[in-house]
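Engineer: This is the structure I have questions about; it appears just below.
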Amino acid sequence: VKQFQPGDEVFGDISECGLGGFAEYVCARENALVLKPAS
746 VKQFQPGDEV FGDISECGLG GFAEYVCARE NALVLKPAS
């Protein structure tokens, strides 16, 4: 992982079919995530 640092808050689409889920921890590809905006 090069785009994020430990402690960064991120979100994204973690499945290729567009379905999501709720979890405290998840394994995901780096290109499926973005930094969470401040607001």
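Whatever position you read off the sequence shown (first residue = 1), add 745 for my numbering.
Glycine included, each C-beta is placed from N, C-alpha and C at the ideal position.
Please read all numbers here as calculations on a predicted model, not as lab measurements.
Return the CA-CA distance between residue 775 and residue 784, expressed in angstroms with no decimal places.
Structural biologist: When rounded, the distance between both Cα atoms is 22 Å.
Engineer: Residue 760: which of 754, 782, 771, 753 sits nearest, CA to CA?
Structural biologist: The candidate whose alpha carbon is nearest that of residue 760 is 771.
Engineer: Expressed to the nearest angstrom, what Euclidean distance is found between the alpha-carbon atoms of residue 750 and residue 769?
Structural biologist: Each residue's alpha carbon lies about 17 Å from the other.
Engineer: Give the DSSP bridge partners of residue 757, in chain order.
Structural biologist: Answer by DSSP bridge pairing, in chain order: 778.
Engineer: Is the Cβ-Cβ distance between residue 746 and residue 779 less than 8 Å?
Structural biologist: Their beta carbons are not under 8 Å apart, which means residue 746 does not touch residue 779 by this criterion.
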